[in-house]
Amino acid sequence: MIHFEHVSKRYSEGHDALKDICFTLQTGELAFLTGHSGAGKSTLLKLIMLMEQPTAGHIQVCDQQLTHLGRHEIPFLRRSIGVVFQNHQLLFDRSVFENVALPLQICGYSPQDAARRVRAALDKVGLLDREKMNPLALSSGEQQRVGIARAIVHKPKVLLADEPTGNLDPLLSEEIMRLFEQFNRVGTTVLIASHDLSLIKRMGRRVMTLRSGRLIADG
Amino acid sequence: MDKRRGAVRVTPRATAAPASKAAPAKRGAEHHKVDLKGHSESWVRNHSEVSRSSLKRLLATPLATFMTVAVLAIALTLPGFLFSALSNLQQLTQGWEGETRLSLYLQPTLSSEEADRFSRTLLLRDDIAAIDYISAEQGLLEFKRYSGFGEVVEALKENPLPAVVMLIPKAQAAKDLGLLRASFEAMPEVQEAILDLEWLQRLDAMLAVAKRTVFVLGLLLGVAVLLVVGNTIKMAIESRRDEIIVSKLVGATDAWVRRPFLYTGFWYGLSGALLAWLVIQIAWMMLKTPAAELANLYHSQIELHGLGVIGSLLLLAVSLLLGWLGAWLSVRRHLREIEPR
Chain W
1 MIHFEHVSKR YSEGHDALKD ICFTLQTGEL AFLTGHSGAG KSTLLKLIML
51 MEQPTAGHIQ VCDQQLTHLG RHEIPFLRRS IGVVFQNHQL LFDRSVFENV
101 ALPLQICGYS PQDAARRVRA ALDKVGLLDR EKMNPLALSS GEQQRVGIAR
151 AIVHKPKVLL ADEPTGNLDP LLSEEIMRLF EQFNRVGTTV LIASHDLSLI
201 KRMGRRVMTL RSGRLIADG
Chain E
220 MDKRRGAVRV TPRATAAPAS KAAPAKRGAE HHKVDLKGHS ESWVRNHSEV
270 SRSSLKRLLA TPLATFMTVA VLAIALTLPG FLFSALSNLQ QLTQGWEGET
320 RLSLYLQPTL SSEEADRFSR TLLLRDDIAA IDYISAEQGL LEFKRYSGFG
370 EVVEALKENP LPAVVMLIPK AQAAKDLGLL RASFEAMPEV QEAILDLEWL
420 QRLDAMLAVA KRTVFVLGLL LGVAVLLVVG NTIKMAIESR RDEIIVSKLV
470 GATDAWVRRP FLYTGFWYGL SGALLAWLVI QIAWMMLKTP AAELANLYHS
520 QIELHGLGVI GSLLLLAVSL LLGWLGAWLS VRRHLREIEP R
């Protein structure tokens, strides 16, 4: 599902964010990406999302070579990927429901179909009763769950999460991780960047460790 | 049970994709299929939704929107009004154009029979297209009727007016007309031959200059409209930066992101055109009565017309185009800068 082949990323100011990364994430796998801040976790996720272009190597996502993807094809790749951000990137000028519905509107779902899917996603993260509220009125744990609902509402093949538990207390963090596990169980490929080592250890899944841009451990 | 619930429960009714019969393990990541019909339906739906929501967004800030629309309307009113004024003037002169007349004022010593005979001989010439003979009496009658000096004329013992032959020469080139005029003036019966070409030529030249001026003015104001719309859209883009980034992250195409702003430009163009049209029509209505009075003083019937159907449609089309183009230019310039980082 996700395949990295000798991928390097050097930013224009000369900083090497990733060096010669090779790994394969099988369809239906769940893996953690860990390392200190600045080790290259976010850069790796950005490469998958095509928010950045690699300076060397090849990346394959959902059977598509990203290096060959034209600018107009990027949106369609992104539609097959759900992303959860640390700062959850919610829009505060609209309700929880409208936030979650955004990917469906973009993909062109009919309003009825979209409403059903939005409610299903909100139900999944336990926020069905909050759909009319503004995300500002929610706690940060709830906001994060709205972000997760938005990431999975259109049933992406791949779910990426960048420090999804960054600002949450241990109990909430565990809850969020269990959610990701549930999505993985129904077939979604999940890659989670996190530096919460104790939590990762408890999950007992594949862990890839980055240090200053190199993959130093995988397993 | 619970682990299947959220991801699977929505699929049974979304049966558009037969792939939903695939193995349960795949269902979680199942891709939504939108067929061609569904695609065009959703495209139409998106357009109507976006056009409505961008209008709503404009109406949510009525004062700011009105200010922008007023600026656009003023910029459109000026050239629109001047263009219609020019077309009124042109219509006024159209009756004379293309038929340059030569007026022969006959010698006052000629008797009316002699004058009549002279005009008849002119009929035989093949370089003249038409002839109108106005005898001295006829001229006096017309003068009495139209000048308002009827009583003064009554007091005169003699008719001071000469007989006039108005003729339309076949030749229309300025040089030929000059020669013709000279040859007529050389005739003993003719006291003076006057070409009424010159003032028409001057009027035409003035109209051409005015036309060009209005055109340049219109062009400049059109650019102003572009800039105003462009800048307004730029601010709208800036205020929706977060939304654009998030939309791009979840797979919005450039066209999708562009659409609300293009519709905003469209609405600006439409409302600017409507307001400008209203102002222009009101201005012409206000001018109608004084213009008619003025025309009356010249014993002429001037029918002022406003923009007319074609002019109105042209104003609308130009305004819509400018609104849309201004938005498009602004969107093209600023939207690419906003990429998720």
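Chains as they are written, first to last, in this note's numbering: chain W, 1 to 219; chain E, 220 to 560. For glycine and all other residues, C-beta sits at the position ideal for the given N, C-alpha and C.
Counting C-beta neighbours from all protein chains within 10 Å, is the total for residue i 16 or more, i.e. buried, or is it exposed?
i	result
E/Lys394	exposed
E/Tyr365	exposed
E/Arg400	buried
E/Asn450	exposed
E/Ala241	Any answer about E/Ala241 is weak, because its pLDDT of 39 lies below 50 and its placement is not dependable; what the coordinates show is given next. It is exposed - the Cβ of E/Ala241 has fewer than 16 other Cβ atoms within 10 Å.
W/Glu131	buried
E/Ala283	exposed
E/Lys275	exposed
W/Pro156	buried
W/Pro111	exposed
W/Gln182	buried
W/Asn184	buried
E/Gly542	buried
W/Thr165	buried
W/Pro75	buried
W/Pro135	buried
E/Pro281	exposed
Quick one: what's got a C-beta closer than 7 Å to residue i's C-beta in the same chain, skipping five residues either side?
i	result
W/Asp218	Phe23 and Met208
W/Gln64	Leu77
W/Ala120	none
W/Leu179	Val125 and Ile148
E/Val372	Leu359, Phe362 and Lys363
W/Gly141	Leu168 and Leu172
W/Ala151	Gly82, Val83, Val84 and Leu159
Output needed for residue i: all residues of its chain with C-beta closer than 6 Å, excluding positions within five of it in sequence on either side, in chain order.
i	result
E/Ala348	Ile387 and Lys389
E/Ser354	Ser331 and Ala382
E/Val384	Leu323, Ser338 and Tyr352
E/Gly437	Pro298
W/Ala161	Val84 and Ile192
W/Asp16	Arg10 and Gly213
W/Arg206	Ala31
E/Ile413	Ser322
E/Pro243	At E/Pro243 the pLDDT is 41, less than 50, meaning the model places this residue with poor confidence; the figure from the coordinates comes in the next sentence. No residues qualify anywhere along the chain.
E/His251	The pLDDT assigned to E/His251 is 49, lower than 50, so where the model puts this residue is not dependable; a value taken from the coordinates is nonetheless given after this. Cβ within range, chain order: n/a, list empty.
What residues from chain E crowd round residue i, counting only those whose CB sits closer than 8 Å?
i	result
W/Gln89	Asp461, Ile464, Val465 and Leu468
W/Arg10	Simply none; closest approach about 17 Å.
W/Pro103	Val469 and Gly470
Since residue i and residue j should fall inside the 8 Å C-beta cutoff, what is the C-beta to C-beta distance between them, to a whole number of angstroms?
i	j	result
E/Leu481	E/Ala546	5 Å
E/Pro479	E/Ser273	5 Å
E/Thr319	E/Asp415	7 Å
E/Ile499	E/Thr296	6 Å
E/Gly470	W/Ile106	6 Å
W/Gly147	W/Val186	Not really, about 19 Å apart at Cβ, beyond 8 Å.
W/Leu128	W/Arg117	Not quite, the Cβ-Cβ distance comes to about 13 Å (not below 8 Å), so this is no contact.
W/Leu33	W/Leu44	6 Å
E/Ser261	W/Gly108	3 Å
Give me the chain W residues within the contact set of residue i, using Cβ-Cβ distance strictly less than 7 Å, ordered along the chain.
i	result
E/Pro559	Met51
I want to verify the contact list: residues of chain E whose CB lies under 7 Å from the CB of residue i, in sequence order.
i	result
W/Ile227	Because chain W here runs from 1 to 219, residue 227 of chain W falls outside it and cannot be looked at.
W/Val83	Leu468
In chain E, which residues lie less than 9 Å from residue i when you measure between Cβ atoms?
i	result
W/Ser110	Gly257, Glu260, Ser261 and Arg264
Below 8 Å CB to CB, which residues in the same chain sit around residue i once its five sequence neighbours on both sides are set aside?
i	result
E/Leu539	Phe485, Gly488, Leu489 and Ala492
E/Met504	Gly525
E/Ile456	Ile463, Phe480, Ser549, Val550, His553, Leu554 and Ile557
W/Ala221	An answer regarding residue 221 of chain W cannot be provided, because it is not within the stretch 1 to 219 covered by chain W.
W/Arg211	Gly35, His36 and Ala39
E/Ala289	Leu494
Quick check: is any heavy atom of the ligand SAH less than 7 Å from the C-beta of residue i?
i	result
W/Phe76	This structure lacks the ligand SAH, and indeed carries no ligand of any kind.
Under 8 Å (Cβ pairs) to chain W, residues found in the segment 450-474 of chain E: Within the segment 450-474 of chain E, contact with chain W at the beta-carbon level (separation under 8 Å) is assigned to Asp461, Glu462, Ile464, Val465, Ser466, Lys467, Leu468, Val469, Gly470, Ala471, Thr472 and Asp473.
Chain E contacts made by the segment 59-81 of chain W, where a contact means CB separation under 9 Å: Answer set for the segment 59-81 of chain W: Arg71, His72, Ile74, Pro75, Phe76, Leu77, Arg78, Arg79, Ser80 and Ile81.
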